[in-house]
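As C-alpha cells, the structure follows; a few thoughts come after it.
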Amino acid sequence: MKLMWLLFLCVLAFSIAQIYISDPCAGGVHRCYEPCEKKKCRLPHKCINGRCTCYVGRNVCAISSH
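In terms of our numbering, the sequence shown is numbered consecutively and its last residue is 49.
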C-alpha cells in the first residue's frame, strides 16, 4: 500500500513539474522545442489548450538572455 502511495506521489510531482509556455503548438509538440530551450527547460511534454508545456529543468525554466 505504501508503494502505491509513493508511486502516486511521484506521478503527481511529475505532472505538476511542468511550466506553461505561451508559444502555440499547433501542428505538434515539436514546435515547442525551441521555446522550451530558450527558457532552459527540458523537452516539451505535451500541448495543453494549444500551448506548450515544458518539464522544469535545472534552471527552473529561467528566461535565457538570448
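The beta-carbon is built from N, C-alpha and C at its ideal position, and this holds for glycine as well.
Subject >> Three-state class that DSSP yields for Arg25 in the structure shown >> reply: coil
Original post:
From Cys50 to Val39, what does the alpha carbon distance come to, in whole angstroms?
Top reply: Since the first residue shown for the chain is -16 and the last is 49, residue 50 is missing from the structure and cannot be characterised.
Original post:
Based on the DSSP secondary-structure assignment, which residues constitute the bridge partners of Pro7?
Top reply: Arg34
**OP:** Taking Gly10 as the reference, give the member of Cys44, Glu20, Ile4, Cys30 with the closest Cα.
**Re:** Cys30
**OP:** Give every residue of the same chain whose Cβ lies closer than 6 Å to the Cβ of Cys37, excluding the five residues on either side of it in the sequence, and list them in chain order.
**Re:** Ile2, Ile4, Cys19, Cys24, Pro27
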